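A.B. asks:
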Amino acid sequence: MRLEKCWFCSSTVYPGHGIQFVRNDAKIFRFCRSKCHKNFKMKRNPRKVKWTKAYRRLHGKDMTQDSTFEFERKRNRPERYDRNLAENTLKAIKKIDKVRTDREIRHHEKRMKGKNLKERKEAAKELEQGIHLVKAPLALKQEPSLTLPKISVKVPQQQTQENHAMEE
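Heads up: the sequence shown is residues 1 to 168, going by UniProt numbering.
1. Tell me Val22's beta-bridge partners as DSSP assigns them.
2. Thinking Arg30 and Trp51 are a contact (beta carbons under 8 Å), I'd like their distance in whole angstroms, please.
3. Are the segment 73 to 93 and the segment 40 to 50 touching by the rule of at least three beta carbon pairs closer than 8 Å?
4. Extract the residue ranges of the beta strand (DSSP E) inside the segment 69 to 120, only unbroken runs of 3 or more that lie entirely within it.
5. Taking only three categories from DSSP, how would you classify Lys43?
6. Name the two residues that bound the continuous alpha helix (DSSP H) containing Lys53.
7. Rounded to whole angstroms, how far is the Cβ of Met63 from the Cβ of Glu109, which I believe are closer than 8 Å?
8. By the 10 Å Cβ neighbour count, where 16 or more other Cβ atoms means buried, how is Gly18 classified, buried or exposed?
9. Do Ser10 and Lys53 have their CB atoms nearer than 8 Å?
10. Could you tell me which of Lys27, Arg77, Val49 sits nearest to Cys36, measuring between CA atoms?
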């Protein structure tokens, strides 16, 4: 079973899925879904479309400089079976997987570091602006300046009689 990569978004294209486009010069383009195919036909650059892997790599959103990705390269040369080698390979796969997940977590924390600070500043600003909504009721009773002024509206007697007649 051969898994291909989408030319536009770099996601995997499984056998029997996606679209294959062959240009006049015999260059083959594989697409995972019609969304990628349409964007290709519109001559869009994958590095400028935000949801593609090329954009994410270019703008530092994804991990690209990770040495653990080298282990996923295709190896088309068949190896002779060796029990010890297979055992060591399985152990190495577990270690590599653990290293990769740890690096992904660190990468995510590093990217989110500035966001937490920004959210705190925004929350402090919002609290400062809406302190009257948070103040305790006892504090409002003690300091009348914190409450909103009461506005009294005088309604003429004639209007109230008209409204009452309309209700009936």
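Virtual Cβ for every residue (Gly too), placed ideally from N, Cα, C. All values derive from a computational prediction rather than experimental measurement.
C.D. replies: The relevant details are as follows:
1. Start at 1 with the first residue of the sequence shown, and residue 22 comes out as number 22. Its beta-bridge partners are Ile28.
2. Position 30 of the sequence shown, counted from the start, is the residue given in the question as residue 30. Position 51 of the sequence shown, counted from the start, is the residue given in the question as residue 51. Rounded, the Cβ-Cβ distance is 18 Å, inconsistent with contact.
3. no
4. none
5. Taking the first residue of the sequence shown as position 1, residue 43 is located at position 43. Lys43 falls in the coil class under three-state DSSP.
6. Taking the sequence shown and counting its residues from 1, one reaches residue 53 at position 53. Unbroken alpha helix (DSSP H) run through Lys53: 53 to 58.
7. Here residue 63 refers to the residue found at position 63 when the sequence shown is read from its first residue. Here residue 109 refers to the residue found at position 109 when the sequence shown is read from its first residue. Their Cβ separation, rounded to whole angstroms, is 13 Å, which puts Met63 and Glu109 out of contact at 8 Å.
8. Residue 18 sits at position 18 when you count from the first residue of the sequence shown. Burial call: buried.
9. What you label residue 10 is simply residue 10 of the sequence shown in a count that begins at 1. What you label residue 53 is simply residue 53 of the sequence shown in a count that begins at 1. Contact: yes.
10. Translated into positions along the sequence shown, residue 36 becomes position 36. Taking only the C-alpha atoms, the option nearest Cys36 is Val49.
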